[in-house]
Amino acid sequence: MVEKMHELAGYSLVSFLIMYTVVYFVIRHMEKNGKPIKYKMLWNILIPLAWVIVRVVTYK
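Oh and the sequence shown: position 60 is 60 in the working numbering, straight run, nothing missing.
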């Protein structure tokens with residue numbers, strides 16, 4: 001059980017970092033094309049967090 005939690009925590013962290021990077025570059029790319037993004041930090045945290053929650057719920 002504890003091993004499973006450690007595995008899940010590591011897996012969640014990696015998922016979060018990957019999604020954070022993806023969202024960060026998408027936002028930067030959109031801003032370069034002249035689309036201002038409001039609440040940048042909020043999006044940068046919420047989207048990866050939602051992704052991690054979905055992954056944890058569907059993780060077996």
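Glycine residues also receive a C-beta, built at the ideal position from the N, C-alpha and C atoms.
Predicted model only: the values in this text are computed from it and were never measured.
Residue i in three-state terms, based on DSSP
{"i": "Lys40", "result": "helix"}
{"i": "Gly10", "result": "helix"}
{"i": "Lys32", "result": "helix"}
Contact belief for residue i with residue j at Cβ below 8 Å, rounded distance in angstroms
{"i": "Val23", "j": "Asn44", "result": "6 Å"}
{"i": "Trp51", "j": "Met30", "result": "Their Cβ separation, rounded to whole angstroms, is 18 Å, which puts Trp51 and Met30 out of contact at 8 Å."}
{"i": "Pro48", "j": "Phe16", "result": "5 Å"}
{"i": "Lys40", "j": "Ile27", "result": "6 Å"}
Residue burial classification, residue i (beta-carbon count within 10 angstroms, cutoff 16)
{"i": "Pro36", "result": "exposed"}
{"i": "Val56", "result": "exposed"}
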